[in-house]
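Everything below concerns the one structure shown next.
There are 4 protein chains.
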Amino acid sequence: MAISVLLVASTPEPDRTVAAAARLCYSDASAGDLVGKMKGEDISRFIDHLRGSGHLSPFEHAVFTFAVDGISRVCTHQLVRHRLASYSQQSQRYVEMKDPEAVVPPSISSNPAAREIFDRKIRESHEAYKDMIAAGIPREDARYILPHGWMTKIVVTMNARELHHFFSMRLCRRAQWEIRCLAREMLAIVRDKAPCLFSLAGPDCVVRGRCFENRPCGSPFSNVDEVLSE
Amino acid sequence: MAISVLLVASTPEPDRTVAAAARLCYSDASAGDLVGKMKGEDISRFIDHLRGSGHLSPFEHAVFTFAVDGISRVCTHQLVRHRLASYSQQSQRYVEMKDPEAVVPPSISSNPAAREIFDRKIRESHEAYKDMIAAGIPREDARYILPHGWMTKIVVTMNARELHHFFSMRLCRRAQWEIRCLAREMLAIVRDKAPCLFSLAGPDCVVRGRCFENRPCGSPFSNVDEVLSE
Amino acid sequence: MAISVLLVASTPEPDRTVAAAARLCYSDASAGDLVGKMKGEDISRFIDHLRGSGHLSPFEHAVFTFAVDGISRVCTHQLVRHRLASYSQQSQRYVEMKDPEAVVPPSISSNPAAREIFDRKIRESHEAYKDMIAAGIPREDARYILPHGWMTKIVVTMNARELHHFFSMRLCRRAQWEIRCLAREMLAIVRDKAPCLFSLAGPDCVVRGRCFENRPCGSPFSNVDEVLSE
Amino acid sequence: MAISVLLVASTPEPDRTVAAAARLCYSDASAGDLVGKMKGEDISRFIDHLRGSGHLSPFEHAVFTFAVDGISRVCTHQLVRHRLASYSQQSQRYVEMKDPEAVVPPSISSNPAAREIFDRKIRESHEAYKDMIAAGIPREDARYILPHGWMTKIVVTMNARELHHFFSMRLCRRAQWEIRCLAREMLAIVRDKAPCLFSLAGPDCVVRGRCFENRPCGSPFSNVDEVLSE
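Chains as they are written, first to last, in the numbering used here: chain A, 1176 to 1405; chain B, 1176 to 1405; chain C, 1176 to 1405; chain D, 1176 to 1405.
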């Protein structure tokens, strides 16, 4: 099973909401009026302007909730380090892990020797987990033997400002393949829902035209489509 | 002009979204399935259960954006101290204050002597502001003479967990009348939109049945309706 | 190897700093003056007063940095869910795991059958990890086979307000044994360093004299010493 | 009276603490060992490396607490918008404003006509405040007539990562003079206390060698000393 990312909720009209909130700062009109009266073209131009100058605080008014399945606990341990977001994750304390389900890294699935080891160990670990539960060990402790690659599910809520930060960190080639894969799915979804807010997003090579890493990867992306089509 | 609070955006189906995210933690099903399949009655019972035990983290998945007009800068200075929220406020650096507009505290509007002083000073301060601008002082500096009660506009985004915290602090009789008035308007709006999430909300006297203040006000509220009908 | 918690840095005179900051709110004096002039007894009384009424925001000015060794990644995945804190964790992407090192849950160490399974699987998983690395798999992917119980190291910075929240959640008997153990070590350390700030800390049964869980554990703690001596 | 900024507390050895925490991520050693064993030169090189590549999360382990006097409420309203920080501010609800004390913008103090208006209005506003209190109006309401420029006191705790963000926003020539003045004082203090962490800090023109504003000011700074000596 591969990763599955579903948008379960989001601010309706995210582009318009952000643009109206930002306009309020510089205007005499009420926010209520601004929401109704801004035209599509104005919204687009105004949001480009905000993003170009790095004034991203109004982006926080657009919020997105994703349901993620088929992701490893390696990846969620990285994901939940993003603190300006909300998470609800399947608990291994309360839910019994009935089947052996792990995320297989591409480097392993494409290497027959490693793949054979990996598959066998996943199965054996799950058997050890079940054996320990049969021996009276609580789930929350038996899981200490389950591999990091074990599958989990998580609901994630992030606003558009934090999403931009997340994309800049996690779509960089130096991030690990699994969280990059998650980030790509999320970016594709929010670009569809909020084309102005996310017309330009991704690592510094795409957004700032330049890499700030001490050891650049050597193959910068040229644009968002290239990031998404990987 | 009185305070005006408008809900400009919110998570569609906030009760359902929160319940599905919370269920995920204790379930084998995917979050996507859970969103579609929970029944109204289950949602209500499950959310009561979460709130009763103080497990409010899933409440963060429901997010509300308000446009507030006719509020003083006294009140917004208190409001923006709530850090788990997003704000866009009308700038006195960029927007010229054309008319004398201040929020009048009820204690002043009901006291003829004080009211007379207040109205006169508001007018005179605004004249001083205009005179200084005419003398070449930039807006951002001329406003140093405008009174704290000056009116402003602000867009606020808060999730349901932070809203509960906000209501517990700011609907207490010890909070100042203006932010209590704002909080009441916000609570009335979100109760309508998310009846399960906010069926019980307010200060500790209402939610916990007990006051923890060192110096209680002496007249605890008995229920949410009493808080709202003040 | 057992968990090891070391205080590597903290606000000097945390009790005094918090008391002075809080006094500023209600006083005409400057903060600088207040820091120097408050007496030990006043500090203690004033901090009790703040904590009693739940006015914990000044507690944020006292900050503590801990170095934690010998903790599992099960536990750090729970720990880093506390978002109002700062973390630096040993990376399994960059650091090779040279020896088989896992945290053994007490329920397993005291159960010979489970213990035998556990120890064997830890060893075998580590061998599989090394075999995959030998087969050309990068560390960051080979670790997908390492068990959740694998040991890690982490530096944690939290302020006294968040510590109180952390203790209230993680010293409750319903929290898992490993994070409770971590929390106990941390509480013992900060009580020594900041006796006023942490004279009363722990789950609701200790701090509020009452449990708010839907399903209480049935054996509430009577005081902090009982929590610490477990 | 001018602004006064005092460092009331900070992480002892902030450079060393950050370097040790960051090294932990890439090392086999324990954090405790790392704190003791890193040499000054290593610390400096390692921190430069982190800052150069934008890996600022370990900077959060160094925390600074400032007491600020002689600042206007215009400035604190801007300041407290930085949400990753802790604040305790003198309350106008509890503390009576005994004397007319306001911050005078330089544009006003250097303009005799404006200065005359300003001083008179500050005095008159304070008289109106006292008259309303004499007429039975509570302090918290009488203050609605006090000018935005009124002086206040505030205690601020920020970590080195947020300080860098604060400096990048508030030392830019587009920020208002008062918060720039506050930021300069704070930067001078932390550079003295943590020379490695703050060897390079300030707006993008200084730190990134380039301005990202849509409307640049036209006179970029060339280095930190120029920022500080303004």
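Cβ coordinates follow ideal geometry from the N, Cα and C atoms, glycine included.
Inset, instruction - Using 10 angstroms around the beta-carbon of C:Lys-1212, count the other beta-carbons present and answer buried if the total reaches 16, otherwise exposed. - result: Classification of C:Lys-1212: exposed, given that the 10 Å Cβ count is below 16.
Legend entry - 8 Å Cβ cutoff met for D:Ser-1228 and A:Glu-1388: Contact: yes.
Inset, instruction - Would you kindly report the start and end of the unbroken alpha helix (DSSP H) that includes D:Thr-1251? - result: Element bounds for D:Thr-1251: 1248-1254.
Legend entry - Interface residues of the region 1278-1298 of chain B facing chain D [CB-CB below 9 Å]: Going along the region 1278-1298 of chain B in chain order, one finds Val-1278, Val-1279, Pro-1280, Pro-1281, Ser-1282, Ile-1283, Asn-1286, Ala-1288, Ala-1289, Ile-1292, Phe-1293, Arg-1295, Lys-1296, Ile-1297 with a Cβ nearer than 9 Å to chain D.
Inset, instruction - Rounded to whole angstroms, what's the CA-CA distance from D:Thr-1240 to C:Phe-1293? Just pull it up for me. - result: Between D:Thr-1240 and C:Phe-1293, the C-alpha separation is close to 48 Å.
Legend entry - Beta carbon proximity, B:Arg-1348 to chain D, threshold 8 Å: At a cut-off of 8 Å between beta-carbon atoms, B:Arg-1348 makes no contact with chain D.
Inset, instruction - Compare the beta carbon distance of D:Ile-1246 and D:Leu-1362 with 8 Å and say whether it is the shorter of the two. - result: Contact flag unset, no.
Inset, instruction - List the residues of chain B that D:Arg-1256 touches, going by C-beta distances under 9 Å, in chain order. - result: Identification of chain B residues near D:Arg-1256 by a Cβ-Cβ cut-off of 9 Å yields Val-1255, Tyr-1262, Gln-1264, ordered along the chain.
Legend entry - Segments assigned beta strand (DSSP E), at least 3 residues, entirely inside the region 1203-1248 of chain D: Taken in chain order, the whole beta strand (DSSP E) runs of length 3 or more contained in the region 1203-1248 of chain D are 1238-1247.
Legend entry - Closest residue to A:Cys-1371 among A:Ser-1179, A:Ala-1184, A:Ala-1194, A:Ser-1397 (Cα-Cα distance): Of all alpha-carbon atoms in A:Ser-1179, A:Ala-1184, A:Ala-1194, A:Ser-1397, the one lying nearest the alpha-carbon of A:Cys-1371 is that of A:Ala-1194.
Inset, instruction - Check the Cβ of B:Tyr-1319 against every Cβ in chain D and list those closer than 8 Å, keeping chain order. - result: Listed along the chain, the chain D residues whose CB falls inside 8 Å of the CB of B:Tyr-1319 are Ser-1247, Val-1249, Ala-1277, Val-1278, Val-1279, Pro-1280, Ile-1283, Phe-1293, Pro-1322, His-1323, Gly-1324.
Inset, instruction - Give the interface partners of A:Asn-1334 over in chain D, defined as CB-CB distance under 8 Å, in chain order. - result: Those within 8 Å of A:Asn-1334 in chain D number zero; the least Cβ separation is about 13 Å.
Legend entry - Closest residue to C:Asp-1217 among C:Arg-1191, C:Cys-1386, C:Ser-1202, C:Ala-1242 (Cα-Cα distance): Residue C:Arg-1191 is the option with its Cα nearest to C:Asp-1217.
Legend entry - Opposing strand residues paired with C:Gln-1264 [DSSP bridges]: C:Gln-1264 is bridged by DSSP to C:Ile-1329.
Legend entry - Backbone secondary structure at A:Ala-1369 - three-state DSSP: Judged by DSSP in its simplified three-state form, A:Ala-1369 adopts coil rather than helix or strand.
Inset, instruction - Check whether the Cβ atoms of D:His-1323 and B:Arg-1318 sit closer than 8 Å, and answer yes or no. - result: In terms of Cβ geometry, D:His-1323 and B:Arg-1318 form a close pair [threshold 8 Å].
Legend entry - Sufficient close CB pairs (3 or more, under 8 Å) joining the region 1257-1275 of chain A to the region 1294-1311 of chain A: Using a C-beta cut-off of 8 Å, the region 1257-1275 of chain A makes contact with the region 1294-1311 of chain A, since at least three inter-stretch Cβ pairs fall below that distance.
Inset, instruction - With D:Ala-1195 as the anchor, note down where its alpha helix (DSSP H) starts and where it stops. - result: 1189-1200 is the extent of the alpha helix (DSSP H) around D:Ala-1195.
Inset, instruction - Measuring alpha carbon to alpha carbon, tell me which of C:Ile-1364, C:Cys-1250, C:Ala-1184, C:Ala-1197 ends up nearest C:Thr-1332. - result: Out of C:Ile-1364, C:Cys-1250, C:Ala-1184, C:Ala-1197, C:Ala-1184 has the C-alpha closest to the C-alpha of C:Thr-1332.
Legend entry - Bridge partners - A:Asn-1334, DSSP secondary structure assignment: In the DSSP secondary-structure assignment, A:Asn-1334 is bridged to A:Val-1238.
Inset, instruction - Give me the Cβ distance between B:Trp-1325 and B:Ala-1288, rounded to the nearest whole Å; I'm assuming they're in contact under 8 Å. - result: The C-beta distance from B:Trp-1325 to B:Ala-1288 rounds to 22 Å, too long to meet the 8 Å contact threshold.
Inset, instruction - Please name the residues in the region 1379-1392 of chain B whose beta-carbon is closer than 7 Å to at least one beta-carbon of chain C, in chain order. - result: Residues of the region 1379-1392 of chain B that bring their beta carbon within less than 7 Å of a beta carbon in chain C comprise Phe-1387, Glu-1388, Asn-1389, in sequence order.
Legend entry - B:Leu-1181, enclosing beta strand (DSSP E) - first and last residue: In the DSSP annotation of this structure, the continuous segment of the beta strand (DSSP E) that includes B:Leu-1181 starts and ends at 1179-1185.
Inset, instruction - Tell me whether D:Pro-1281 is buried or exposed, calling it buried when 16 or more other Cβ atoms sit within 10 Å of its Cβ. - result: By the neighbour-count rule (16 or more Cβ atoms within 10 Å), D:Pro-1281 is not buried but exposed.
Legend entry - Coil, strand or helix - B:Ala-1277 by DSSP: Strand.
Inset, instruction - Assign D:Pro-1378 to one of three DSSP states: helix, strand, or coil. - result: Secondary structure of D:Pro-1378 (DSSP, three-state): coil.
Inset, instruction - Keeping to the same chain, check which residues put their C-beta closer than 7 Å to that of C:Ile-1222; ignore five residues upstream and five downstream. - result: Taking C:Ile-1222 as the centre and dropping the five residues before and after it, the same chain places the C-beta of Asp-1190, Val-1193, Ala-1194, Cys-1371, Leu-1372 closer than 7 Å to its C-beta, in chain order.
Inset, instruction - Would you tell me roughly how many angstroms separate the C-alpha atoms of C:Ala-1206 and D:Leu-1375, rounded to the nearest one? - result: Between the alpha carbons of C:Ala-1206 and D:Leu-1375 lies a distance of about 29 Å.
Inset, instruction - Could you tell me whether the Cβ atoms of B:Lys-1237 and B:Glu-1337 are closer together than 8 Å? - result: Sequence check: residue 1237 of chain B is Ala here, not Lys. At a Cβ-Cβ threshold of 8 Å, B:Ala-1237 and B:Glu-1337 do not count as neighbours.
Inset, instruction - Counting only the same chain and skipping the five closest in sequence on each side, list residues whose C-beta sits under 7 Å from that of C:Cys-1250. - result: Cβ within range, chain order: Glu-1353, Ile-1354, Leu-1357.
Legend entry - Under the three-state DSSP convention, the category B:Pro-1391 falls into: Coil at B:Pro-1391, not helix or strand.
Inset, instruction - Would you verify that the beta carbon of D:Ile-1329 is, or is not, closer than 8 Å to some beta carbon of chain B? - result: With 8 Å as the cut-off, D:Ile-1329 does not count as an interface residue toward chain B.
Inset, instruction - Starting from the C-beta of B:Glu-1360, find all residues in its chain whose C-beta is less than 6 Å away, skip the five residues before and the five after it, and write them out in chain order. - result: Residues of the same chain with a CB within less than 6 Å of the CB of B:Glu-1360, apart from the 5 flanking positions on each side, are Val-1180 in chain order.
Legend entry - Boundaries of the alpha helix (DSSP H) in which D:Ala-1303 is found, first to last residue: Secondary structure note for D:Ala-1303: its alpha helix (DSSP H) is the uninterrupted segment 1287-1309.
Inset, instruction - Could you tell me the distance, in whole angstroms, from the CA atom of A:Pro-1187 to the CA atom of A:Leu-1209? - result: Cα to Cα, A:Pro-1187 sits roughly 16 Å from A:Leu-1209.
Inset, instruction - Go to B:Val-1270, then tell me how far its alpha helix (DSSP H) extends in each direction, as first and last residue. - result: According to the DSSP assignment, B:Val-1270 belongs to no alpha helix (DSSP H), since it is labelled neither H nor E.
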